Structure formats: structure tokens, C-alpha cells
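If you're matching positions, the sequence shown starts at 222 in this note's numbering and goes up one per residue.
Read the structure below first, then the notes.
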Amino acid sequence: MEFVDSSVVEQIEMKMIRPSQFAIRDKFQRSHPDCETLVNSIREHGLLQPILIRPLEHGFEIIAGHRRFQACRTLRWRFIPSKIRELSDKQAYEIQLTENIQRKSMDPIEEAEAFRRYVIDFGWGGVSELARKICKSEEYVSHHMQLLKLPDEIKHKIMNNSLNVSQAIEIVQIPHDKQQSIASEVVHNNLTVRQIRELKMTLKEEETFNKINASANDESRSLVIAKKASLTLKITLARVDNLINEVHTTVEPDQRAEIINFLMGIRLRIHTLIDESIRYKNKKPGS
222 MEFVDSSVVE QIEMKMIRPS QFAIRDKFQR SHPDCETLVN SIREHGLLQP
272 ILIRPLEHGF EIIAGHRRFQ ACRTLRWRFI PSKIRELSDK QAYEIQLTEN
322 IQRKSMDPIE EAEAFRRYVI DFGWGGVSEL ARKICKSEEY VSHHMQLLKL
372 PDEIKHKIMN NSLNVSQAIE IVQIPHDKQQ SIASEVVHNN LTVRQIRELK
422 MTLKEEETFN KINASANDES RSLVIAKKAS LTLKITLARV DNLINEVHTT
472 VEPDQRAEII NFLMGIRLRI HTLIDESIRY KNKKPGS
């Protein structure tokens, strides 16, 4: 059915309007440069777009436009142009969430918390329905919600942009007791998703080796160590590749050749060592 907008626009006294009870985010910091810019713009040009509110039993509640409302309050306005629309709690939440996502005003953890409240706390719908309402993929919603499984220390790394969502999703799938050490490794070495997956594969194989090692004889123990040595070399190779990429983006062109030749020489020697470790493993019985 086609949507019919039955809202009306009126001047509403500001003291009759209150912030949203859901408060998805909308933190207004008067010292923030963007907020100062908004205040100055409204002072010079007026409010170009009315805020969206809904009527409640005692006054009105802001649905969209918290920053505009606070800016007008800073300017000591008594009335504010408002678009008034009848909305349910669910509809109000969806509009607020969509607005914040479109403005990119939330970090991934804040988005994940908002998704969890919609799906789990309020029980308004599943991942599919929420994704459709905010015009995102189901994978986008589900991946963000998975971030909430991570310990707080890693969540802080995501919030301050030390880790991106793709990197963090890979860490979610690592055993809990190893997540923090792997996260530090990813941040310190700026590992790509491919390199994190290689590291995860290494961890998985090491766990298998450790289980075998518990009951292995001397010969099979030496094979386990040989395999660990090979995996260690592969991780080192990935780190050298990362350094080579870093050179291309951080070192001046006239200085690149020497350092890249140096790193490529190291890379070649590591490849030789990997080949030797593979030959050693292959000659061991049962390998």
C-alpha cells in the first residue's frame, strides 16, 4: 500500500518537547565543531528543516532532529518548527536508527547495540526484517551483532577505529582465551583479513598438534615441531609482505628501492626455509 504522509507542521513550544526515550545515540556536545557549525548556520539562515516529533500523553517526543533541537535551545528559541506524526514505538525507533545510520553518527558497537535492542530486547522482528527496514543486508546486521560477543577491551579497539568490522568478525570466531592476544597482534601488525585467516588456521593446526603431541612418540613429536616451524615461517612471510605494502604507502619514492630490495631478499630466504621445512616433513615417516 502506498504511504500517505498525514503529518502536520506547526510551531511547537520547546518546553513541551522531550528527547526520545530510546536515545539510540544523539549525544549533543556543545564543544564539538560540527555542533558549533550547526548553531551558527541556524542563527544565520534559520531552521531549514523542521524536526520530527510524535505526540505523547504529556507533550511531544523527538523522533529525528535531536541536534537541531539542541542547537535551537542554545539559541534560546521558544518555539521550533516541528513535523508532527503519529508513530508507534517501533516506527519511532526504526526512523531514529535509519537516520543515525545514514548520518554515520554511530560506531559499529553502537550500531550493534541498537540492532540487539530491536531484535532481542524489544522483540520487534528478526534480522531479516530489521535489515529491510534500515536498507542494509542481513549479513551487515548479523555481523554487527556478532561483535557484541567480543570482550570489552576489543570492543574499545573497534570504537576507536584500531580494528575494523571485517577484522573483528574474524576475531569473533577465535577461541575466547586467545581473542585479546590475536587482536593485539592484528592491531600491532595491521594484519589483513587474509592474514588473520592464515593465523586462525595456524591456531587450529597447533591445537591439533598439541592433542597429538600429548600421546606422541619421539618421532611424531619431531614432526609436530617441524610443522610448527613451517607455520611460523608462513606467518613471518605474511608479516614481511605487510611491511612491503607499508613501504609503498609511507616511504618516499626515491628511498623505496633500497628497502624493498632488502625486504625482498628476506622474503626469498624465508621461502627457501619454507621449502626446506616441507622437504623435512615429507621425509619423516607418517607425514
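Note that the Cβ used here is the ideal one computed from N, Cα and C, for glycine as well.
Quick caveat: nothing in here was measured; it's all calculated off a predicted structure.
Under a three-way DSSP split, which group does residue i fall into?
i, result
"Q400", "helix"
"Q270", "coil"
"I263", "helix"
"V509", "Residue 509 cannot be examined here, being either before or after the span of the chain that is shown, 222 to 508."
"R353", "helix"
"A244", "coil"
"G486", "helix"
"R289", "helix"
"R239", "strand"
"I395", "coil"
Which same chain residues end up closer than 7 Å to residue i when comparing Cβ atoms and leaving out the 5 residues on each side of it in sequence?
i, result
"S349", "E359"
"F249", "Residue confidence is low: F249 scores 43 on pLDDT, short of 50, so the model does not pin down where it sits. Its coordinate-derived value is still stated next. The residues are C256, H287, R288 and Q291."
"R460", "N410"
"L351", "F336, Y339, V340 and V362"
"L454", "I491, L494, I495 and S498"
"W298", "M235"
Just confirm the distance between the C-beta atoms of residue i and residue j, as a whole number of angstroms; I'd bet it's less than 8 Å.
i, j, result
"Y314", "Y339", "7 Å"
"L277", "P302", "Actually they are not in contact, since the Cβ atoms of L277 and P302 sit about 19 Å apart, beyond 8 Å."
"L368", "I330", "6 Å"
Please report how far the alpha carbon of residue i lies from the alpha carbon of residue j, in whole angstroms.
i, j, result
"L464", "Q416", "13 Å"
"K425", "I403", "13 Å"
"K236", "F300", "8 Å"
"R251", "A244", "Model confidence at R251 stands at a pLDDT of 43, short of 50, so the residue's coordinates are unreliable; what they give is reported in the following sentence. So the alpha carbons of these two residues sit roughly 18 Å apart."
"N410", "I395", "18 Å"
"I379", "V386", "7 Å"
"D247", "L296", "Here the model assigns D247 a pLDDT of 46, short of 50, so the residue's position is not dependable and the matter cannot be decided."
"K504", "Q388", "37 Å"
"K421", "Q401", "13 Å"
"V492", "A450", "In the sequence as presented, Val is not what sits at residue 492; that position holds His. If I take the Cα positions, the gap works out to 13 Å."
"E374", "F343", "27 Å"
"I283", "N261", "22 Å"
"P271", "Q323", "18 Å"
"I263", "C293", "8 Å"
"H364", "K357", "12 Å"
Quick one: what's got a C-beta closer than 8 Å to residue i's C-beta in the same chain, skipping five residues either side?
i, result
"V468", "R477, I480, I481 and L484"
Once the 5 residues before and after residue i are set aside, which same chain residues still bring their CB inside 6 Å of it?
i, result
"K354", "E315"
Would you mind listing the alpha helix (DSSP H) stretches within the segment 307-334 that are 4+ residues and don't spill past its ends, in chain order? If one requires a minimum length of 4 residues, the alpha helix (DSSP H) runs lying completely within the segment 307-334 are 310-324, in chain order.
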